[in-house]
């Protein structure tokens, strides 16, 4: 009987683990239940222990593996005529194309590390790409750790923010009755290019959010903040250091302290055991993480999804890709995601395999958590926004 009981327990744990890894709701629900019973610190310790076991398994199983590409790199086609000029946009400007950044470790890399691949809009096949993707391996002895980064031309797209059905939980009275459909508005679905996850729940630092003229949670002075200003610019900085008056900010969402600020790593980012970038989960825990950054010119947005990385690994990869200031978004298996949308059907597909999502996510299936989405600007708008 003892053997049967052990098999049942092991089978149940394996089934639970599979459910957490393949559904978007089970892991967060279990964590919320645990926090309500034993508190956030205890749940954080359990999460750290579970991720620690997974990391030890990876070290045992994959220690000698070489780094692998996160997707098949685009083939390089040599031209007998030599380098060709970049195509022109409708505004008669040189098309957006980030420069290759190369691998983070010359002797520990895979084919395609640091090379940008265009993410073309299938509905506008004749136009230059507004977004490019690459992947990087931030650690020189952990082949399974990798970060996918998307570079976005802010002169040719609009970035939007939406609250989820429930997250973040509103603490301001004015927000408790606001409409929160958790979907990309119908008027933007014909031009949507991509969507990605937002930030932490309110329990993890009460990080602020303001959208649609309503403040859901007040800003924390120390919080790294992504903001859209009244003149259409996107900026990322510590709230207390942002330029301009708060009234001039159309929307904003806060993250923990900036991972990188103006080219410098945040205090403690490179220190093992720092919990600033994972709430109850240690910043040195190897988990799936997400981040958003911007270059020094304010013209290129970077979105990163990291597999089995620490806050340090995420920060280093984003900086290597070209981000000058970086804030960490949500973390843990089912929450980070970057989704693209098929034309006509608006079926969501992940940036790379393994990101948990539904086919109708953000357009038909309401999101319980806040998210960002990207729409293309109409031809001619790009020049005005520069």
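Numbering (my numbering), first residue to last: -4 to 381.
Even glycine gets a Cβ: it sits at the ideal position worked out from N, Cα and C.
These numbers were taken from a predicted model, which means no experiment stands behind them.
Secondary structure at residue 155: strand, using DSSP grouped into helix, strand and coil.
Residue burial annotation: residue 259 is exposed, with fewer than 16 other C-beta atoms found within 10 angstroms of its C-beta.
Using a Cβ-Cβ distance cut-off of 8 Å, the stretch 329 to 348 and the stretch 187 to 205 are in contact, since at least three pairs of beta carbons, one from each stretch, lie closer than that value.
The shortest CA-to-CA distance from residue 64 to any of 364, 361 and 348 is the one to 348.
Less than 8 Å divides the Cβ of residue 294 from the Cβ of residue 149.
Just so you know, the alpha carbons of residue 177 and residue 248 end up roughly 16 Å apart. Per DSSP, residue 317 has no beta-bridge partner at all. The C-alpha of residue 201 is placed about 24 Å away from the C-alpha of residue 301. In the DSSP assignment, residue 144 falls within the beta strand (DSSP E) that extends over 141 to 148.
Looking at 175, 281, 68 and 62, the one whose alpha-carbon comes closest to that of residue 328 is 281. By the Cβ rule, the stretch 126 to 135 counts as touching the stretch 90 to 110, because three or more pairs are nearer than 8 Å. Taking 8 Å as the cut-off, the beta carbon of residue 297 is found closer than this to the beta carbon of residue 144.
With at least 16 other beta carbons inside 10 angstroms of its own, residue 356 counts as buried. By the neighbour-count criterion, in which 16 or more other beta carbons inside 10 Å mark a residue as buried, residue 344 falls on the exposed side. In the structure shown, residue 240 adopts coil according to DSSP, grouped into three states. If you draw a straight line from the Cα of residue 322 to the Cα of residue 114, it is about 23 Å long. For the 8 Å CB-CB criterion, residue 173 and residue 133 do not form a contact. Residue 102 counts as exposed, since fewer than 16 other C-beta atoms from the protein chains shown sit within 10 angstroms of its C-beta.
As a beta-bridge residue in DSSP terms, residue 205 pairs with 210 and 247. Counting along the chain, residue 126 sits inside the beta strand (DSSP E) bounded by residues 126 to 131. The beta-bridge partner set that DSSP reports for residue 235 is empty. With fewer than 16 other Cβ atoms from the protein chains shown falling within 10 Å of its own Cβ, residue 106 counts as exposed. Judged by DSSP secondary structure, residue 175 falls outside any beta strand (DSSP E); it is assigned neither H nor E. For residue 113, the uninterrupted beta strand (DSSP E) run begins and ends at 112 to 114, by DSSP. Secondary structure at residue 284: strand, using DSSP grouped into helix, strand and coil. In this structure, residue 255 places its C-beta atom within 8 Å of the C-beta atom of residue 288.
When the five nearest sequence neighbours on each side are left out, the beta carbons in the same chain lying within less than 6 Å of the beta carbon of residue 210 are those of 167, in order along the chain.
The beta carbon of residue 354 is closer than 7 Å to those of 342 and 343 in its chain, skipping five residues each way along the sequence.
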